[in-house]
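Some notes on the structure that comes next.
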Amino acid sequence: VAGPGYYSVQLGAWHVISLDSNLEGAAQAAQLAWLKGDLEANGARCTLAYWHHPLYSSGPHGRSERMRDAWQILYQAGADVVLSAHDHHYERFGPQDADHRRENVRGIRQFVVGTGGAYLTPVLLPRANSEVRDNSRTGVLKLVLGETGYQWEFMEAASDPGFPYGPPLDRGAGQCH
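The letter at position 69 of the sequence shown is residue 69 when you use the numbering used here, and the numbering goes up by one with no holes.
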């Protein structure tokens with residue numbers, strides 16, 4: 001990837017941010033400074049961020065504290081959704097703050113979607129605010145990003161090329177802050 005490895009794009013009503021969860025030290029500090037500036041310069045009602053290592057997970061890798069400061073910046077800016085993977089299972093968390101406290105009004109909903117075809121790993125003790133966990137099948141997360149909210153469906157990847165996805169295993173909707 002040319003450049004620093006983090007960027008943002010506008011996708012309709014959504015500000016979508018890609019961050020690098022492998023950075024440390026000065027490189028991570030530069031990413032966090034960029035993130036603050038990017039969020040301050042953007043007036044979108046809805047914000048989604050994604051990176052590889054989840055801040056919260058009930059899987060064997062657990063959580064990546066390295067992304068706590070990014071989560072806090074996103075939370076303060078009113079972000080709505082964080083997507084990550086790393087652990088090879090599906091998990092949906094209820095809205096929460098950077099300190100893992102349930103926050104239904106301003107909290108960020110996180111999805112861990114590491115179900116793209118690699119071996120699936122066990123789900124250990126469920127973390128606080130974990131609402132749904134599945135490590136029994138591969139699948140994809142379908143997101144529909146609307147003007148004021150979003151809908152999600154986690155669908156099993158089926159083996160029939162004529163019908164590539166099975167029925168939704170998890171679905172729901174949320175409103176932007």
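Each residue gets a CB set at the ideal place from its N, CA and C atoms; glycine is no exception.
On a predicted model such as this, the values are computed, not experimentally measured, just so you know.
{"Item": "Alpha carbon of A206 to alpha carbon of P4, nearest angstrom", "Value": "Summary: the structure shown does not reach residue 206, with the chain confined to residues 1 through 177, and so no result is reported for it."}
{"Item": "Environment of D80 [buried if 16+ CB atoms lie within 10 Å]", "Value": "buried"}
{"Item": "Close beta carbons around C176, own chain, < 7 angstroms, minus the five adjacent residues each side", "Value": "R45, C46, D80, T148, G149"}
{"Item": "Burial state of Q10, where buried means 16 or more other Cβ atoms lie within 10 Å", "Value": "exposed"}
{"Item": "Coil, strand or helix - R102 by DSSP", "Value": "strand"}
{"Item": "Interface flag, A29 vs chain C, CB-CB below 8 angstroms", "Value": "Here chain C cannot be found, since the structure has a single protein chain."}
{"Item": "Cβ neighbour criterion (16 or more within 10 Å) applied to S136", "Value": "exposed"}
{"Item": "For Y165 and Q76, the rounded distance between their alpha carbons", "Value": "37 angstroms"}
{"Item": "Uninterrupted beta strand (DSSP E) stretches inside the region 101-153 (no shorter than 3 residues)", "Value": "109-113, 130-134, 139-145"}
{"Item": "For A49: DSSP bridge partner residues", "Value": "I17, V82"}
{"Item": "Terminal residues of the beta strand (DSSP E) in which A173 lies", "Value": "165-175"}
{"Item": "Start and end residues, alpha helix (DSSP H) containing L23", "Value": "Per DSSP, L23 belongs to no alpha helix (DSSP H) and is neither H nor E."}
{"Item": "Contact under 8 angstroms by Cβ, E153 with R171", "Value": "yes"}
{"Item": "Inter-residue spacing [alpha-carbon to alpha-carbon] between E91 and E103", "Value": "18 angstroms"}
{"Item": "C-alpha gap between H86 and T138, whole angstroms", "Value": "14 angstroms"}
{"Item": "Continuous alpha helix (DSSP H) stretch holding Q72: start and end", "Value": "68-76"}
{"Item": "Close Cβ partners of N129 (< 6 angstroms) along its chain, the five nearest in sequence each way excluded", "Value": "F93, G94, Q96, R102"}
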